[in-house]
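Data first, discussion second: the structure below is written as structure tokens.
Residue numbers (this note's numbering), protein chains in the order written: chain A, 369 to 482; chain B, 833 to 944.
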């Protein structure tokens, strides 16, 4: 079982560049989300989706866009990269956000913006 | 606003010891609490999920407890091994907005 797959694993960007972090899950999960993890802090929610065609902002959405055209895929776009976006990014999925279900995570994308 | 705290931030113990990791949260209105393990440079692996109606969950050498009224959870690791070295994270799913709220983690080192 593939579970949640994130690509790429590592990325270095120059300030001002744009890129898309890919996330795919093969578990037919409704709920998908993106987090960033910074040293000494808990994971912070960037954006989330409760189903295809539906997205919403989390705690730290500025500088990021998402879309959910299919159940399986939930890409995260950095519009104009800034050094403050240097972080480790995790994609997660769960069957539903509204019942007591387990969250599954991808392996993470380590992004450095120079 | 829900806040999750994990103390200590780091812990180093000799192999073979039993140990307890702590997680506290400020709002008892939660759906569940989940413990995760994170290895350096790797993703998050779910260890145990405790529903709000449960008091504890066990998996192998791991036992997690939940006391909603006091806003506390503990992760008990029996007979620790060097392979248990990792960062352990707890997260609660808030009833107010269904989101996972995270602690910053406890970095555990088991010395051979």
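Glycine included, C-beta positions come from ideal geometry on N, C-alpha and C.
Nearest neighbour of residue i, chosen from the options [CA to CA]
i	options	result
residue 911 of chain B	B:872, B:943 and B:870	B:943
residue 414 of chain A	A:370, A:373 and A:401	A:401
residue 913 of chain B	B:927, B:844, B:834 and B:934	B:844
residue 895 of chain B	B:901, B:908 and B:904	B:908
residue 407 of chain A	A:392, A:462, A:452 and A:371	A:452
residue 436 of chain A	A:422, A:374, A:387 and A:382	A:422
residue 427 of chain A	B:841, B:930, B:937 and B:857	B:930
residue 938 of chain B	B:871, B:834 and B:846	B:871
residue 386 of chain A	A:429, A:449, A:473 and A:424	A:449
Below-8 Å beta-carbon distance, residue i vs any chain C residue
i	result
residue 476 of chain A	Of the protein chains in this structure, namely A and B, none is chain C.
Reduced DSSP secondary structure (H/G/I, E/B, other) of residue i
i	result
residue 408 of chain A	coil
residue 453 of chain A	helix
residue 331 of chain A	The requested residue 331 of chain A does not occur in the structure, where chain A is confined to residues 369 to 482.
residue 944 of chain B	coil
residue 846 of chain B	strand
residue 916 of chain B	helix
residue 888 of chain B	strand
residue 393 of chain A	strand
residue 381 of chain A	strand
residue 478 of chain A	strand
residue 906 of chain B	strand
residue 874 of chain B	coil
residue 839 of chain B	coil
residue 458 of chain A	strand
residue 859 of chain B	coil
residue 370 of chain A	coil
residue 901 of chain B	coil
Chain B within 8 Å of residue i, Cβ atoms only
i	result
residue 384 of chain A	no
residue 470 of chain A	yes
residue 413 of chain A	yes
residue 408 of chain A	yes
residue 442 of chain A	no
Residue-chain proximity (residue i, chain A), Cβ-Cβ < 8 Å
i	result
residue 934 of chain B	yes
residue 889 of chain B	no
residue 892 of chain B	no
residue 874 of chain B	yes
residue 836 of chain B	yes
residue 913 of chain B	no
residue 844 of chain B	no
residue 860 of chain B	no
Integer-rounded CB distance, given that residue j should sit under 8 Å from residue i
i	j	result
residue 838 of chain B	residue 935 of chain B	4 Å
residue 893 of chain B	residue 879 of chain B	About 11 Å; that fails the 8 Å criterion.
residue 390 of chain A	residue 372 of chain A	No, residue 390 of chain A and residue 372 of chain A are not in contact; Cβ-Cβ is about 11 Å, not under 8 Å.
residue 874 of chain B	residue 475 of chain A	6 Å
residue 446 of chain A	residue 431 of chain A	7 Å
Quiz item: Are at least three pairs of beta-carbons, each pair with one atom in the region 845 to 857 of chain B and one in the region 447 to 461 of chain A, less than 8 Å apart?
Solution: Counting C-beta pairs with one atom in each stretch, the region 845 to 857 of chain B and the region 447 to 461 of chain A have fewer than three that are closer than 8 Å, which means they do not touch.
Quiz item: Contact between the region 430 to 446 of chain A and the region 403 to 418 of chain A: three or more CB pairs below 8 Å?
Solution: Segments in contact, yes.
Quiz item: Would the region 880 to 888 of chain B and the region 856 to 871 of chain B be scored as touching if the rule is three or more Cβ pairs under 8 Å?
Solution: Touching, per the Cβ criterion.
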